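Take a look at the structure below.
In this note's numbering, the protein residues as written are 89 to 733.
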């Protein structure tokens, strides 16, 4: 049995050795015996005691060789060859201090402390966070790197154990690095001196920042657990509910004869021992009357006989029980509603919300809606509110839903003639509002008189005694007698035809051309006609509001008569040369030449007459030749005109 115990102890020492290489305790730590964070405050901090360092204090930033300062930040020291460090390592205070050291030329101790009352045969971790403050580019990129020795000594200076960090390299940005080693107190040794020495020589470089120097017990790994808990080390508990929790904590190999003590802390006060709880298991009952707040529980362990010494025991990570206060909830709706509206329910005070209500209603969420509500949806709505800890509260809100009137306009859409009026009809409520009010004698009447001039859609908003509304619609179409245009007059020669160009604007029931002779369709807007003599045609259109008639004239030329003489002497008799029948040939071209073949007059697709002038000058009496192309495939007409003055 004894050999087995020794084997376990040496296995633990091997584990500690591995931990030292990793620079962190892989088991559980005790409360710090030394925990030097250097405090916090305004710059610079107070000097350390003379027994703590062999360096001189500088009251400000950027200490020279052999000096140190206590400061919250450093900014571009020595021509910006040092890093700017904006915060300490501890990180729990915006004005936290750290120690800034500019190394002496010769190796020297920059931190010294004495610890008394340690237990024999107990392992401790001596650690600190260190940063090389020199930039890599400084000193021609060849700056001296800090090299720190951690040492444990007797009070008389005898060295018990040392550990060296090796060179602490510079980085592109300042980096806090953990440095630590482990020490087991020999039999009979309870008081020791801790020393940190900078081994590198001073000069260009070998400058450092240091923070969070700790010395604390390190032992086997403690693993706490809430039985059946998820997560294993924390739980939220609702105020006003009684509940029992079972805590356990396992201990890895390393102690020969461990002793146990459970401790508790409430709302951050220091841990205190719980009487009688001296085993790896512990049951804690919370009554319904328990005050809300944060309870923490941990198991402390030490070798038998050392448990009462806080310097010699280790502690587990805490188990946290958060007793959360009763939740305060609200449940509201969007007030009294009319049928057909959207009911909006809302609640606050939790993480989940489950609703129930009349007519089998159920929904989830802090804000829910029910569309097109009816009176069967009126009543009390309940919401079960739960917070993240599972604490719950049942709240409610009452919803009132009033009936909605049924608006009715009484008849289908209507048609009236321009200038007429009609009475609009509505019912179903207490008050009425017609929109638009245009052409109404009383827009607030149930049955207003309407006389619109254009097609208008009216809506009536009907309101009952609960101020609930409904809307109905009716349309009034306004028509007027059609606008009829029989089109332009036409000119043709005998035995030819032409197309009439009638147009009608507006609604018509029927239309017809008259007379009905020599027309290919009396019910066509654009029929073909070929009367043998001059004829007037009438286009007649009819709708519900009356009849409209328009006419046009078809002129018939029996042939093309070309005058052979005209006398442009200004007596208003036969002063121009004109061929009226050519109006039947709108594409024709006409040219008049003198005896030398010069063009004296021409026209194309026009009906200008010749006044016997050329370029504004009267032409002399004489014979002139004309050429007429009708542009209809017939032979060109040629002849002579006699101009007489």
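Backbone N, C-alpha and C define an ideal beta-carbon position, used for all residues, glycine too.
Computed from a predicted structure; not experimentally measured.
Sequence-distant residues of the same chain with beta carbon closer than 6 Å to residue i, five excluded per side
| i | result |
| --- | --- |
| residue 609 | 615 |
| residue 602 | 626 |
| residue 697 | 664 and 666 |
| residue 547 | 523, 559 and 561 |
| residue 579 | 643, 671 and 672 |
| residue 573 | 591 and 638 |
| residue 313 | 320 and 336 |
| residue 109 | Note on residue 109: pLDDT 38, under 50, position unreliable in the model; the coordinate value appears next. Closer than 6 Å at Cβ, skipping near neighbours: no residue. |
| residue 65 | Residue 65 lies beyond the residue range present for the chain, which begins at 89 and ends at 733; the question has no answer from this structure. |
| residue 525 | 531 |
| residue 641 | 577 and 624 |
| residue 467 | 446 |
Residues bridged to residue i (per DSSP)
| i | result |
| --- | --- |
| residue 307 | 116 |
| residue 431 | 458 |
| residue 326 | 412 |
| residue 558 | 550 |
| residue 602 | 626 |
| residue 192 | Answer by DSSP bridge pairing: none, since residue 192 is not bridged. |
| residue 201 | 282 |
| residue 377 | In the DSSP output, where bridge partners are listed per residue, residue 377 has none listed. |
| residue 587 | 616 |
| residue 217 | 266 and 299 |
| residue 463 | DSSP output for residue 463 lists no bridge partner at all. |
| residue 650 | Residue 650 pairs with nothing; no bridge assigned. |
| residue 256 | None; residue 256 has no bridge partner. |
C-beta contact flag for residue i and residue j at 8 Å
| i | j | result |
| --- | --- | --- |
| residue 625 | residue 571 | no |
| residue 222 | residue 167 | no |
| residue 203 | residue 122 | yes |
| residue 443 | residue 473 | no |
| residue 165 | residue 149 | yes |
| residue 250 | residue 236 | no |
| residue 296 | residue 256 | yes |
| residue 551 | residue 517 | yes |
| residue 497 | residue 512 | yes |
| residue 790 | residue 181 | A query on residue 790 cannot be resolved here, the shown segment of the chain reaching from 89 to 733 and no further. |
| residue 162 | residue 172 | yes |
| residue 197 | residue 285 | yes |
| residue 386 | residue 407 | yes |
| residue 564 | residue 514 | no |
| residue 506 | residue 567 | yes |
Cut-off 7 Å between Cβ atoms - residues of its own chain near residue i, not counting five sequence neighbours on either side
| i | result |
| --- | --- |
| residue 243 | 279 and 281 |
| residue 447 | 464 and 465 |
| residue 681 | 687, 688, 712 and 713 |
| residue 178 | 125, 184, 299 and 300 |
| residue 311 | 337 and 338 |
| residue 435 | 417, 418, 419, 441, 454, 471, 473 and 483 |
| residue 304 | 117, 118, 119, 120, 121, 212 and 213 |
As assigned by DSSP and simplified to three states, the class of residue i
| i | result |
| --- | --- |
| residue 538 | strand |
| residue 166 | helix |
| residue 425 | strand |
| residue 292 | coil |
| residue 633 | coil |
| residue 337 | strand |
| residue 716 | strand |
| residue 678 | strand |
| residue 133 | coil |
| residue 594 | coil |
| residue 482 | strand |
| residue 445 | strand |
| residue 228 | helix |
| residue 580 | strand |
| residue 672 | helix |
| residue 734 | Here the chain has residues from 89 to 733 only, and residue 734 is not among them. |
| residue 208 | coil |
| residue 725 | strand |
| residue 696 | coil |
| residue 568 | coil |
Cβ contact (3+ pairs, closer than 8 Å) linking the region 208 to 218 and the region 144 to 157: no
Three-pair Cβ contact test at 8 Å for the region 327 to 347 versus the region 381 to 400: yes
Any 3 or more C-beta pairs closer than 8 Å across the region 351 to 359 and the region 373 to 383: yes
Segment contact, 8 Å Cβ cut-off, at least three pairs: the region 410 to 419 with the region 317 to 335: yes
Stretch pair the region 127 to 146 + the region 184 to 196: three plus CB contacts closer than 8 Å: yes
Segment contact flag, the region 422 to 435 with the region 486 to 503, C-beta cutoff 8 Å, min 3 pairs: yes
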